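Structure record follows, encoded as structure tokens.
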Amino acid sequence: KRDYVYRGVELMSVIDIVLCMILVVFLGLKLKSVYGEINIMLSLGACLFITYAVVTRLNILIQYISRITSAINLDIQYIGIIVKMLAVSYICQLGSAVCRDASSTAIAVQIDIIGRISMVLIGMPVIMGVVELLSKLIA
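Residue 27 in the working numbering sits at position 23 of the sequence shown, with consecutive numbering throughout.
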């Protein structure tokens, strides 16, 4: 068991993951001259590993979110929207970075655009709620 735990997050595991990813980058740079396509595969594997590490720690985030919603009596719908926006942001950033590593900048830009549009669409109920609240206050 690790001694460096801060409110449920193991700090050493974060350091371990970052050091492992730095090792993967150096390995990819070394092997790139011999096997050109291996760098993309190593990058994709590292991204999948980090995604797995993030997903396994989501229960901590969910516990904090449920505490916040119960403490301030907030509608759970808004928290769900925030979580969806964070997920879209993370997925699009990951996909965009992988495409940029593979020298597919045009596809990366399209992923960024669809991510931004998706986030606006996901956040639309919040915007409509604010507009309705303002119209009630003005009237």
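In this text, a Cβ means the ideal position worked out from N, Cα and C, and glycines have one as well. These figures come from a predicted structure and were not determined experimentally.
When you compare the CB positions of residue 110 and residue 99, do they come within less than 9 Å of one another, or not? In this structure, the beta-carbon distance from residue 110 to residue 99 does not fall below 9 Å.
Any alpha helix (DSSP H) of 4 or more consecutive residues that is wholly inside the stretch 25 to 101: Taken in chain order, the complete alpha helix (DSSP H) segments of 4 residues or longer contained in the stretch 25 to 101 are 42 to 60 and 62 to 76.
Pick helix, strand or coil for residue 108, following the three-state DSSP scheme. Residue 108 falls in the coil class under three-state DSSP.
Are there 16 or more other CB atoms within 10 angstroms of the CB of residue 46, so buried, or fewer, so exposed? The residue in question, residue 46, is buried, as its Cβ has 16 or more Cβ neighbours within 10 Å.
Under 9 Å between the Cβ atoms of residue 69 and residue 126? Residue 126 sits away from residue 69, with the two beta carbons spaced by 9 Å or more.
Would you call the CB atoms of residue 201 and residue 96 closer than 9 Å? The chain is shown only over 5 to 143; residue 201 falls outside these bounds and no answer can be derived.
Go ahead and label residue 50 buried or exposed: buried means 16 or more other beta carbons lie within 10 angstroms of its beta carbon, across all protein chains shown. Classification for residue 50: buried.
Just how far apart, CA to CA, sit residue 140 and residue 107? Near 51 Å, if we compare the C-alpha coordinates of residue 107 and residue 140.
By Cβ distance below 8 Å, which residues in the same chain neighbour residue 130 in space, the five residues on each side in sequence not counted? Cβ contact annotation for residue 130 (same chain, cutoff 8 Å, sequence separation greater than five): 82 and 85, in chain order.
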